[in-house]
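Visitor: So for the sequence shown, our numbering puts the first residue at 111; every next one is plus one. A virtual CB, placed ideally from N, CA and C, is assigned to each residue, including glycine.
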Amino acid sequence: MKIICIGRNYSEHARELNNPVPSEPVFFMKPESAQLRNNQPFFYPEFSKDIHYEAELVLHVCKVGRNIQEKFASAYFDGIGVGIDFTARDLQQKAKEKGLPWEMAKAFDFSAPVSKFIPVTQFPDLHNIRFGLFKNGVKVQEGNSGEMIFSFEAIIAYVSQFVTLKQGDYIFTGTPAGVGPVQIGDRLEAFIGDDRLLLCNIR
Ligand code: MG
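Set out below in structure tokens:
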């Protein structure tokens, strides 16, 4: 499996990192080894001094597809969860300055904690899903799928032009404003609506 991630999908977050609001989706990938499941703790890696959280809605891909039309895209995911796109912001900033790829900053081991997936049939409106992140009990991020620049369907249509989607892939759909650093000892809790779906302790 692979993890496809969308960058800059909420205009306020693009602005907080001084990035332009994109006219087409920006995507990158994390490998299978980036997965962190079952509320396992995240161990702060030695290669960074500035790991940031980015809470995101995550799609679970349920069938193979390429060149998927937007009007059919909703058939290609069957679950929605919440995840954290851990980012080594110091390494990412260096890579950006040099025009180099982001893999070191984004694709490292266990950089993608993901909750269980809730069946899409349990959501009354896929374009109005509220989610949020608490750090040590304080709300630091909140977003709504309705605020995304590119919808779930638009993301699937765009990405599948380049990369075949396969059953079991995850799609991280971008983070709202409020990203920030974590320290050893922090406790992250991610919610969809009022349900805490993900706990991640930083060790
Ligand atoms: Mg992200």
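Counting along the chain, where does the alpha helix (DSSP H) carrying Ile265 start and finish?
Guide: Per DSSP, Ile265 belongs to the alpha helix (DSSP H) from Phe262 to Val269.
Visitor: Which class does Thr197 belong to by DSSP, given the choice of helix, strand or coil?
Guide: Strand.
Visitor: Within the same chain, show all residues whose beta-carbon is closer than 8 angstroms to that of Pro174, passing over the 5 residues directly before and after it, in chain order.
Guide: Here residue 174 is Val; the residue named in the question, Pro, does not match the sequence. Around Val174: Thr274, Leu275, Lys276 and Gln277.
Visitor: When we look at the beta-carbon of Gly117 and count the other beta-carbons within 10 Å, is it buried (16 or more) or exposed?
Guide: It is buried - the Cβ of Gly117 has at least 16 other Cβ atoms within 10 Å.
Visitor: My guess is that Gly288 and Val248 are in contact by the Cβ rule of under 8 angstroms, so how many angstroms apart are they, rounded?
Guide: Gly288 to Val248, Cβ: 11 angstroms. No contact.
Visitor: Tell me, please, which residues DSSP counts as bridged to Phe387.
Guide: This structure cannot speak to residue 387, because the chain is shown only from 111 to 313.
Visitor: In terms of DSSP beta bridges, what is Arg297 paired with?
Guide: Partner(s): Asn311.
Visitor: For the stretch 171–227, which segments carrying the beta strand (DSSP E) assignment without a break, of at least 3 residues, lie completely within its bounds, in sequence order?
Guide: Whole beta strand (DSSP E) segments, 3+ residues: 187–194.
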